[in-house]
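Written out below as structure tokens is the structure these notes cover.
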Ligand code: BGC
């Protein structure tokens, strides 16, 4: 082989490498999400690694802040600038809002090929589809009406789990007597709302939740049952520690993990933090339905909406959506995240006791008609109404509104936001 041939071959190889390189870098997803806590990042890694193995490059766009409030602001800025990310973590009504603006990609062919219609629960499909077309791939189902207890503190308090609000107050008093923070809470609107919606369900039951939260019925929002809800919120506030204001949810979880607090009301993403700290359900912590809400499930599901960015990105988007719905991935991801699968055909075998309970509760609630969307996590009301309600809830919890004022303000705020 002469020198000219060698250099020709080398040039050819370099060209091939370049072409391959281009093809590879074209298969990239830029993913906007708010999974920045230890447990959340661990779960996200399952997806990142899965895609990397398939040759899809992951461009991370994390925007810290639970429930995605900051992420939504970042998304608006990117879309306004005409440069949306390829895949975006979205919840409930936000999926509808973005779909309405015509920016979503269409996943119908993939969904048909993989039979999503048959395995994704209808409660999720209602948001994953827009005008009958698949626009998002649901990753999981979370639920917000949980209470997480430090097992040692619970045992010290007699070991009995509370089954209603009165028993909860008794237990919180016992935690207080142990010299620990009774209820770890972070004073941020979405967290206030997460606690509030559990108290609404516990106080009034599922029918009242539907009326007050899903229908935003003015009478339900201002009546006697709602008065009890706000009074309970004021009572629960007396069990917070002085540093609660503005604290992120995972830092509150850490207080319960370390035994500095007895309990936290939070969605099951909280379990991701416990697992990340090597703690075991039943041994180190106990998961129960928020007292008085047994039999009902307030759900929220993370979904990845694919934005219609055209060109090469589509292939990578399809790979990502397909990876997300893969049954093995559903198990690998959700056992780390704390959520339960977004498909109905997954066995609970690989899930821990909290996960098994989550799946059983979900099935039962879905059959009984007590599976209802979470307000704080976007599945009960469009963003404007949600924000208006959270505003009143937070102001009341912070003592800026009396209970009477909150009862008057809540239906007014909803009406103004509609
Ligand atoms: C999301 C969870 C997330 C939590 C806290 C919720 O809205 O659905 O996936 O872990 O917010 O960031």
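In mature numbering (1 follows the signal peptide of the UniProt record, and there is no 0), the protein residues as written are -25 to -1, 1 to 393.
Backbone N, C-alpha and C define an ideal beta-carbon position, used for all residues, glycine too.
All of these numbers come straight from a predicted model, not from anything done at the bench.
Rounded to the nearest angstrom, what separates residue i and residue j at their Cα positions?
| i | j | result |
| --- | --- | --- |
| residue 311 | residue 379 | 43 Å |
| residue 66 | residue 196 | 24 Å |
| residue 369 | residue 17 | 31 Å |
| residue 185 | residue 191 | 8 Å |
| residue 168 | residue 254 | 27 Å |
| residue 299 | residue 361 | 28 Å |
| residue 81 | residue 109 | 6 Å |
| residue -2 | residue 225 | At residue -2 the pLDDT is 37, less than 50, meaning the model places this residue with poor confidence; the figure from the coordinates comes in the next sentence. Approximately 36 Å, taken between the alpha carbons. |
| residue 238 | residue 85 | 43 Å |
| residue 26 | residue 295 | 7 Å |
| residue 55 | residue 222 | 30 Å |
| residue 172 | residue 351 | 8 Å |
| residue 216 | residue 327 | 31 Å |
| residue 32 | residue 257 | 39 Å |
| residue 277 | residue 70 | 10 Å |
| residue 40 | residue 151 | 29 Å |
| residue -13 | residue 287 | Residue confidence for residue -13 is low, a pLDDT of 40 falling below 50, so the modelled location carries little weight and cannot support an answer. |
| residue 7 | residue 323 | 29 Å |
| residue 383 | residue 210 | 20 Å |
| residue 235 | residue 78 | 46 Å |
| residue 92 | residue 100 | 8 Å |
| residue 140 | residue 214 | 14 Å |
| residue 349 | residue 202 | 20 Å |
| residue 363 | residue 212 | 21 Å |
| residue 342 | residue 319 | 13 Å |
| residue 120 | residue 366 | 20 Å |
| residue 122 | residue 57 | 42 Å |
| residue 20 | residue 37 | 13 Å |
| residue -5 | residue 293 | The predicted model places residue -5 with a pLDDT of 38, which falls under 50 and marks its position as unreliable, so this point remains unresolved. |
| residue 180 | residue 2 | 48 Å |
| residue 386 | residue 243 | 30 Å |
| residue 264 | residue 147 | 16 Å |
| residue 23 | residue 5 | 11 Å |
| residue 339 | residue 83 | 30 Å |
| residue 475 | residue 208 | Residue 475 is absent from the structure shown; the chain starts at -25 and stops at 393. |
| residue 128 | residue 291 | 48 Å |
| residue 289 | residue 198 | 51 Å |
| residue 35 | residue 308 | 18 Å |
| residue 130 | residue 124 | 10 Å |
| residue 330 | residue 315 | 6 Å |
| residue 268 | residue 89 | 36 Å |
| residue 144 | residue 163 | 22 Å |
| residue 75 | residue 138 | 42 Å |
| residue 154 | residue 245 | 23 Å |
| residue 375 | residue 337 | 37 Å |
| residue 233 | residue 149 | 18 Å |
| residue 353 | residue 72 | 11 Å |
| residue 227 | residue 11 | 15 Å |
DSSP beta-bridge partners for residue i?
| i | result |
| --- | --- |
| residue 105 | 108 |
| residue 262 | 123 |
| residue 220 | 162 |
| residue 304 | The partner list for residue 304 (beta bridge, DSSP) is empty, contrary to what the question assumes. |
| residue 273 | 347 |
| residue 3 | 32 |
| residue 279 | 64 and 112 |
| residue 256 | 260 |
| residue 79 | 282 |
| residue 316 | 115 |
Pop quiz: residue i and residue j are said to be a contact at Cβ under 8 Å. What is the actual Cβ separation, rounded to whole angstroms?
| i | j | result |
| --- | --- | --- |
| residue 345 | residue 230 | 31 Å between Cβ atoms; not a contact. |
| residue 219 | residue 381 | Not confirmed; about 19 Å, so no contact. |
| residue 261 | residue 104 | Between residue 104 and residue 261 the Cβ distance is about 37 Å, and since that is not below 8 Å, they are no contact. |
| residue 60 | residue 274 | At roughly 25 Å, the Cβ-Cβ gap does not stay under 8 Å, so residue 60 and residue 274 are not in contact. |
| residue 334 | residue 271 | In fact, because the Cβ distance is near 15 Å, the residues do not count as touching under 8 Å. |
| residue 116 | residue 317 | 6 Å |
| residue 250 | residue 14 | 6 Å |
| residue 136 | residue 279 | 35 Å between Cβ atoms; not a contact. |
| residue 176 | residue 160 | The pair is not a contact, with the Cβ atoms about 17 Å apart (cut-off 8 Å). |
| residue 9 | residue 52 | Incorrect: roughly 15 Å between the Cβ atoms, too far for contact. |
| residue 42 | residue 165 | 4 Å |
| residue 142 | residue 266 | 6 Å |
**Request:** At 4 residues or longer, and completely inside the region 22 to 74: list those alpha helix (DSSP H) runs for me, N to C.
**Result:** 44 to 55
**3 or more residues per run - each beta strand (DSSP E) lying fully within the region 114 to 174** = 115 to 118, 121 to 125 and 156 to 158
**Prompt:** Taking the runs of the beta strand (DSSP E) that are 3 residues or longer, which of them lie wholly in the region 334 to 388?
**Reply:** 346 to 348
**Item:** Complete runs of the beta strand (DSSP E) confined to the region 182 to 248 [at least 3 residues]
**Value:** 236 to 240
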